[in-house]
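Chains as they are written, first to last, in the numbering used here: chain A, 1 to 235; chain B, 1001 to 1524. Where a beta carbon is used, it is the ideal one built from N, C-alpha and C, also for glycine.
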Amino acid sequence: MLELKDVHTYYGNIHALKGISLTVGDGEIVTLIGSNGAGKSTTLRTIQGLNKPKSGSVVFNGTELHKLPAHEISALGVAQSPEGRMIFPRMTVMENLEMGAYVRKDLTSLKDDLDHVFTLFPRLKERIGQKGGTLSGGEQQMLAMGRALMAKPKILLLDEPSMGLAPLLVELIFEIIKKLNEEGTTILLVEQNALMALSIADRGYVLQTGEVVLADQADKLMKNDMVQKTYLGVE
Amino acid sequence: MKNIRSGITFGIIGGLLTFLFGGWSVAVIGSLMGVGLGMGLSGKLERKNPLEIAKSVLPTALVAGAILVLLSLYQNNFVQEAIGKRPAVEKIVINANLIAFLGTVLFTTLLASLHGLPEKQEQRWKMILLGLLIIAFPFVDKLTALRWTAQIIFALIFVILGLGLNIVVGYAGLLDLGYAAFFAIGAYTTGILSSPQHGIFMNFWLVIWIAAGMAAIWGFMLGAPTLPLRGDYLAIVTLGFGEIVPVLFKNLIDVTIKEPLTCWILPGLFKLFGAKTTMACITLIEHEDLTAGEKGISPIGRPVIPFINYEFQSSNPIPWYFLIIAIILLSVFIIRRLRDSRLGRAWMAIREDELAAAQMGINPVRTKLAAFAMGATFSGFAGAFYASYIAGIFPSVFDFSASIIILCVVILGGIGNINGVIVGGLVIMTADRLFLPALKDFLASLLTHTVLPSISDPVMQLAVKDNANPILYRFLLFGLTLVIMMAVRPEGLLPNAQVRAELHPDETPVVEAETPKTNKAKKG
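Written out as structure tokens, the structure is:
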């Protein structure tokens, strides 16, 4: 479904991605784990078109994404719940969700999708008329995910959905991710919380300073010595 | 009690205004004051039976009316004498003050009591009343010989400019410091296409559309290369553009356009190979005075109503007044539709967070370009009207200060809010065009009859006389107003709900009408 081949991305002179290659199959949950600055978010930004790769290719269902601007990539069915959430702070929850559906041409099922988002995140329904900026961190995360879902994406890119959330909320968010996947959404998940991420993912990639150092089934990664030592904190 | 206090404030302000204008003005001021007071009160009251509301605001209305009339009578009997004018005829005084008192009381109670009706009906009746007042104003103005209409038209021109800039600054969040450039382009398009300058006399009804189109095209041309810039950088580019355009119009007095191939490229090539040829160079325009530079284009064609063949006259402002009201209504209609459209939502998303908007599938550059071009279109309308109304245009009118005044109209009125911008334009421009000149005359005659005779030194006398001219201090007063506004009410007179939410996060959030009840439970 999504394939990155030898992608190099730069921030000015800084070589952030040094030849990333990865694939995401239809219906999978794939996770990218790694420490700060490993290039996880940059990978997602490159897929989304917010950063352009200097070389290499990003192919999504046969379309070369690296040649398209960000807004056209969204229209193809790639939605992201970005790091730091990036919700529209002065728009209401409802307006934020409506913005998520901006690219959609079929508006008939809009109401159903809205209801779907509200079943996943009942909290959002309670806060429907409130400004995005006045929500709590967890609610903003829910809103960012709900907004991404409103685009009815073929693939959902989640950037650190657990960042800054209370443990209970983290569990809730991960349950929802799993549920979404069971409903048929392909998910590429970037996480620092490696344990949680690997426990729900099918496959995983370990990134270090812009390179893929390990790639395997999630359960095998979980047993890998290096992963256990570095990311799971097992002595 | 609080209502009574606002009644007293309104009464005093209205009364002091009569000091400046005198005569019949008290009747008009009283009626307008009643409308303002009624509108202001109705927002604060609880929704109940109209009759009860009327009863509850009646004391306020009576107090406001009484103070107004008292001050106006004081003006006529004492102040007039002090400034060396004769008091008005008794009959006029009685009638004017009677009308003023009744107008204040009637309009205050009427508008406030409308709040007792269901919301939709309240809105409709308020619109009808305001519409009638707007229609009646120029005729009342003519009857009372106040001559305010001509100045109000200037205010209305700035209302249109403010509405256009509001699209760019308020909706799309792009700071444009050179908006007067588009105003200039609209005005000069009109000037060039309907004046003896080039012997072209196009119909005004056609020219106004061409002017709007030209402004839009230039908005597009400026926007296309610069809109990938963000924030401050864009503001600087627009600032530069705003400076360039008036200078350009000032200097387009000797324009020669030659066709480049035969004039430069081919002869150049021949020269390069050592051949000596003279070619017949095709010249399109030679030494044409396009804009007449500093002395400006004048006169400019006026609108003619077809069929009855009535040409607008500069001596009669009433047709102009209705023309600009019509343009404003059209603009408000279009802008409201735009705001609620897909494009409007995209503007707001861009204003909030450009990156996130791109992720939602919005093309940022195209959306911003649309905002620039749409904003410029409305200033094209304003420019065409302005050129035709003044019947002369000069490059100095469109300098940086004009851009800033338009920006202030938007900021003072309430950024992002159509009604706010209308109020802002009216307040700023009537203060500038009506209030300050009247204040100048008032001060001048007051000084001549009180302080000046007691100053023996003629140099000193002259200095005092010259410096007591508030028009000299208009930018100072203007800046002071802005500083005070920013400190006291940064969201503007009639703020946009979103801006208010940002600046006053402690107030309860505004819940949209169509949404279900929000649960004010604890935050998660």
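Closer than 7 angstroms at the C-beta level to chain B, one finds these residues of the segment 42-54 of chain A: Q48 and L50. Residue-level contact by beta carbon holds for G1361(B) and chain A, with a gap shorter than 8 angstroms. Between R127(A) and L120(A), the CB-CB gap reaches or exceeds 8 angstroms.
Counting along the chain, the unbroken alpha helix (DSSP H) around E1052(B) starts and ends at P1050 to Y1074. Judged by DSSP secondary structure, R1345(B) falls within the alpha helix (DSSP H) whose first and last residues are R1342 to E1352.
R1336(B) is outside the set of residues whose beta carbon lies under 8 angstroms from a beta carbon in chain A. Using beta-carbon distances, M99(A) counts as an interface residue toward chain B, with a partner under 8 angstroms. Within the same chain, and ignoring the five residues on either side of Y1310(B) in sequence, the residues whose Cβ sits closer than 8 angstroms to its Cβ are V1304 and P1319.
With respect to chain A, the C-beta atom of E1354(B) has no partner C-beta closer than 8 angstroms. By the neighbour-count criterion, in which a residue is buried when 16 or more other Cβ atoms sit within 10 angstroms of its Cβ, P161(A) is buried. In this structure, M1033(B) and L1068(B) form a Cβ contact; the two beta carbons are roughly 7 angstroms apart against a cut-off of 8 angstroms. Listed in chain order, the non-local C-beta contacts of I1350(B) below 7 angstroms within the same chain comprise A1172, G1173, A1357, I1362, P1364, T1367 and K1368, local neighbours out to five positions each way being set aside. Around the beta carbon of P1228(B), a 10 Å sphere encloses fewer than 16 other beta carbons of the protein chains shown; the residue is thus reported as exposed. Inter-residue distance for P1246(B) and A1184(B) is about 7 angstroms (C-alpha atoms, whole angstroms). Residues of the segment 1081-1102 of chain B that bring their beta carbon within less than 7 angstroms of a beta carbon in chain A are absent altogether. The secondary-structure analysis by DSSP pairs Q80(A) across a beta bridge with L157(A). Neighbourhood of S35(A) in chain B, by CB distance below 9 angstroms: empty, with the nearest CB roughly 24 angstroms away. Here the alpha carbons of F1249(B) and L156(A) stand approximately 54 angstroms from one another. The count of Cβ pairs closer than 8 angstroms, one atom from the segment 36-44 of chain A and one from the segment 199-212 of chain A, reaches three, so the stretches are in contact. Residues of chain A whose Cβ lies closer than 8 angstroms to the Cβ of R1345(B) are, in chain order, E95, E98, M99 and Y102. Contact holds between the segment 1146-1164 of chain B and the segment 1419-1426 of chain B, because three or more Cβ pairs, one in each stretch, are under 8 angstroms apart. With a contact defined as Cβ atoms closer than 8 angstroms, L1114(B) and S1042(B) qualify at about 7 angstroms. Its chain contains R1433 and L1434 as the residues whose beta carbon lies nearer than 6 angstroms to that of Q1151(B), once the 5 sequence neighbours on both sides are disregarded; these appear in chain order.
Membership of F60(A) in the beta strand (DSSP E) is indicated by the continuous run P53 to F60.
Under the Cβ distance rule, P167(A) does not count among the residues neighbouring chain B, no pair being separated by less than 8 angstroms.
Taking a C-beta distance under 8 angstroms as the contact criterion, L50(A) and T43(A) do not qualify as a contact pair.
Here the alpha carbon of F1021(B) sits roughly 11 angstroms from the alpha carbon of L1436(B). Distance from the CA atom of I1092(B) to the CA atom of G1023(B), rounded to whole angstroms, is 8 angstroms.
Between A1371(B) and chain A, the shortest Cβ-Cβ separation is not below 8 angstroms. K111(A) and K1055(B) have their C-alpha atoms spaced approximately 47 angstroms apart. The C-beta of A1358(B) comes closer than 8 angstroms to at least one C-beta of chain A.
Where Y1188(B) is concerned, the enclosing alpha helix (DSSP H) starts and stops at A1180 to L1193.
Secondary structure in the segment 1244-1276 of chain B: the beta strand (DSSP E) runs of 3 residues or longer, each lying completely within the stretch, are 1255-1258 in chain order.
From the beta-carbon of A201(A), no residue of chain B is found nearer than 7 angstroms; the closest lies around 23 angstroms away.
Boundaries around E1288(B) are those of the beta strand (DSSP E), T1283 to E1288, since no alpha helix (DSSP H) includes it. Residue pairing for F1201(B): DSSP places it in a beta bridge opposite S1194(B).
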